[in-house]
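*Asks:*
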Amino acid sequence: QHEAAEERYFLHNGYAFYYQGLMIQDCDPVAAAEKISQSALAFKRAKDDGLRNRMDERVNSLRIKRACWFCHREMQGYGLNIEYYPARTTEYGRGVVSKLGQDAACVGESGQSVTVCVSCASMIQNQADAFAQRHVAAFRAEIEPQISALVSAMNALARRLDRVESLAHRH
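Letter by letter, the sequence shown follows residues -14 to 156 in our numbering.
1. Tell me where the alpha helix (DSSP H) around Ser83 begins and ends.
2. Just to confirm, is the Cβ distance from Ala27 to Glu(-8) under 8 angstroms?
3. Would you say the stretch 49 to 63 touches the stretch 83 to 93, given that touching needs at least three Cβ pairs under 8 angstroms?
4. By DSSP, does Ser133 sit in helix, in strand, or in coil?
5. By the 10 Å Cβ neighbour count, where 16 or more other Cβ atoms means buried, how is Phe2 classified, buried or exposed?
6. For Gln5, collect the residues of the same chain with a Cβ closer than 6 angstroms to its Cβ; drop the 5 residues on either side in sequence, then sort them by chain order.
7. Just the Cα atoms here: how many angstroms apart are Leu(-4) and Ser22?
8. Go ahead and pull the three-state DSSP assignment for Glu68.
9. Can you find the residues in the same chain that come closer than 6 angstroms, C-beta to C-beta, to Ala43, ignoring five residues on each side of it along the sequence?
10. Is the distance from the Cβ of Thr100 to the Cβ of Tyr69 below 8 angstroms?
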């Protein structure tokens, strides 16, 4: 009984630290990592290894610092302020990054991705969305008359079929 109450205490304590970390992660990933680290310790004391492992993973992600491939600003917090975007890099390109003294870790391990900060990522996504919307609008303008013609033809066939069926029932 006493052990169960203590485990519940640490479980609730762990959630409290976790939510405190979530609330501050946007403005201070370092402090958020500390809160979530405290959360992991509380979950360990609550004997919940699943939650402890998830918190440890989140802490590790929040502590990662990388320079953005585009703007070269160093950001902290993988999955929050930085992401890896698919990109093809060459050995030469990676060498240039290294020679310039830039963050070599901004190129993913496989050489098939680069780090992008949330600001540059949102700019890329917004521009891609704008391009996609223009292409979809152009495609719709081209295809809608054809779709309308097909719908009209189908409606005409449905009316003819109704007439044929009504004639067949009369005989």
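We put the beta carbon where it would ideally sit given N, CA and C, even for glycine.
*Replies:* To lay it out plainly:
1. 76 to 84
2. no
3. yes
4. helix
5. buried
6. Lys20
7. 14 angstroms
8. strand
9. Per the sequence presented here, residue 43 reads as Arg, with Ala not at that position. Excluding positions up to five away in sequence, the list reads Ile21.
10. yes
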